[in-house]
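Numbering follows full-length UniProt numbering, with no gaps: position 4 of the sequence shown is 4.
The C-beta atom is built at its ideal place from N, Cα and C for all residues, glycine as well.
First comes the structure, then the notes that go with it.
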Amino acid sequence: EVSRASPNDAQLQMESANMVVDAADETVKSLTEKLSAALLNASAKEDLVKQHARVAEEAVS
1 EVSRASPNDA QLQMESANMV VDAADETVKS LTEKLSAALL NASAKEDLVK QHARVAEEAV
61 S
């Protein structure tokens, strides 16, 4: 016997799928924000390392 989904079942499945997509979108947004912050932090640290290298170079010359 073939089981047939009612329109209500289809609606529930669609709502469930939409919730999964929404959660995935929020996760992507959160991870994108974290990655952006990490890249800014890394860039700032690289600049600081370059500055320290210049100061060290000047100190020994």
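List the endpoints of the continuous alpha helix (DSSP H) containing residue 54.
-> Numbered from 1 along the sequence shown, position 54 holds the residue referred to as residue 54. That run of the alpha helix (DSSP H) goes 7-60.
Given residue 62, which residues of its chain have a CB within under 7 angstroms of its CB, disregarding the five upstream and five downstream residues?
-> As shown, the chain starts at 1 and ends at 61. That puts residue 62 outside it, with no answer to give.
What's the C-alpha gap between residue 8 and residue 48?
-> Locating residue 8 in the sequence shown gives position 8, counting from the first residue. Locating residue 48 in the sequence shown gives position 48, counting from the first residue. Taking the straight line from one Cα to the other gives about 60 angstroms.
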